[in-house]
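In the working numbering, the protein residues as written are 23 to 279.
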């Protein structure tokens with residue numbers, strides 16, 4: 023097993039795209055082959071070594087470490103299918119998009135559309151996340167279907183848009199339209215702004231505090247220590263079903279009392 027450390031030489035003027043730089047891809051390659059791997063810089067294909075200093079070390083787990091401010095580096099972990107990626111700093115858009123397996127840990131913030139259409143694995147974001155975290159690709163009605171995403175900070179708008187499965191945990195605040203058009207899975211939020219669960223027809227949202235609920239959610243009573251999606255939540259919750267503005271709505275929102 024090997025660990026690849028990619029240290030950013032300097033913050034690029036325009037965005038880099040590192041799609042295809044994955045633990046399983048570099049596993050059998052020499053350092054020279056890794057340095058010659060192509061990445062996208064604007065409308066040009068360039069070598070990895072033009073923007074990163076690469077170092078290889080032994081590791082029990084196949085791992086890539088992106089070291090530096092990667093806020094202008096897109097598609098880190100795009101279609102990740104195993105191994106581990108660590109970002110020592112911020113990460114750009116599309117982090118972990120279409121991820122199927124493995125783990126990503128980000129020490130800072132991540133850009134918009136992270137964990138897009140994710141189907142497996144785990145992502146831990148120690149900072150904040152942009153809009154459309156764990157959402158569906160634009161024009162696609164099938165969103166996140168599996169895996170776990172944990173955000174220690176806040177997230178932007180349309181968290182989990184069209185989500186069908188998996189789990190999202192937000193320890194901070196989720197902006198408007200969290201869980202919009204949700205079909206399945208579970209979203210756990212400390213605090214949510216307006217329009218929570220708009221258009222949802224399935225799945226569950228558990229929230230400690232919510233700014234307001236849409237009129238399409240109907241109160242069903244209270245529940246003590248509910249078991250939701252196989253997980254037990256301690257405390258007393260007010261339970262709402264909806265969004266009944268949609269047909270056959272079977273979604274649930276649990277608001278902690």
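Here a beta-carbon is modelled for each residue, glycine too, at the ideal position from N, C-alpha and C.
Please read all numbers here as calculations on a predicted model, not as lab measurements.
Length of the line joining the Cα atoms of residue i and residue j
i: residue 132; j: residue 117; result: 7 Å
i: residue 28; j: residue 252; result: 39 Å
i: residue 14; j: residue 166; result: This structure cannot speak to residue 14, because the chain is shown only from 23 to 279.
i: residue 234; j: residue 259; result: 15 Å
i: residue 197; j: residue 211; result: 11 Å
i: residue 266; j: residue 101; result: 35 Å
i: residue 228; j: residue 172; result: 14 Å
i: residue 98; j: residue 41; result: 6 Å
i: residue 209; j: residue 256; result: 16 Å
i: residue 26; j: residue 181; result: 32 Å
i: residue 190; j: residue 88; result: 24 Å
i: residue 276; j: residue 193; result: 16 Å
i: residue 120; j: residue 108; result: 17 Å
i: residue 80; j: residue 39; result: 26 Å
i: residue 49; j: residue 72; result: 21 Å
i: residue 30; j: residue 243; result: 54 Å
i: residue 200; j: residue 273; result: 13 Å
i: residue 91; j: residue 177; result: 19 Å
i: residue 138; j: residue 154; result: 8 Å
i: residue 159; j: residue 24; result: 32 Å
Helix, strand or coil at residue i [DSSP, three-state]
i: residue 223; result: coil
i: residue 212; result: strand
i: residue 145; result: strand
i: residue 228; result: strand
i: residue 34; result: coil
i: residue 28; result: strand
i: residue 275; result: strand
i: residue 172; result: strand
i: residue 54; result: helix
i: residue 47; result: helix
i: residue 125; result: strand
i: residue 358; result: Outside the shown range of the chain, which is 23 to 279, sits residue 358, and nothing can be said about it.
i: residue 194; result: strand
For residue i, the nearest candidate out of the options (CA to CA)
i: residue 77; options: 95, 39, 52; result: 52
i: residue 148; options: 175, 158, 135; result: 175
i: residue 105; options: 274, 33, 43; result: 43
i: residue 36; options: 164, 271, 85, 94; result: 94
i: residue 218; options: 264, 254, 242, 255; result: 264
i: residue 278; options: 237, 214, 73; result: 214
i: residue 152; options: 41, 158, 135, 191; result: 135
i: residue 270; options: 238, 244, 243, 162; result: 238
i: residue 186; options: 220, 156, 241, 161; result: 156
i: residue 63; options: 46, 33, 75; result: 33
i: residue 83; options: 90, 126, 54, 61; result: 126
i: residue 85; options: 103, 262, 179; result: 103
i: residue 13; options: 46, 74, 45; result: With the chain running from 23 to 279 in the structure shown, residue 13 is simply not present.
Any C-beta of chain B under 9 Å from that of residue i
i: residue 129; result: Among the protein chains of the structure shown there is no chain B, as only one such chain exists.
Check: residue i C-beta below 8 Å from any heavy atom of the ligand COA
i: residue 115; result: Although the ligand COA was asked about, the structure shown includes no ligands whatsoever.
| task | Check whether the segment 61-68 touches the segment 105-114, taking contact to mean three or more Cβ pairs, one atom from each stretch, closer than 8 Å. | result | no
| field | Every unbroken beta strand (DSSP E) inside the segment 66-110 [3 residues or more] | value | 66-69, 74-80, 85-89, 103-110
| the segment 197-204 touching the segment 221-234, judged by at least three CB pairs closer than 8 Å | yes
| Should the segment 167-186 be regarded as contacting the segment 129-145, the criterion being three or more beta carbon pairs within less than 8 Å? | yes
| Can you list the beta strand (DSSP E) stretches of 3 or more residues lying completely in the segment 226-264, in chain order? | 226-232, 240-246, 258-264
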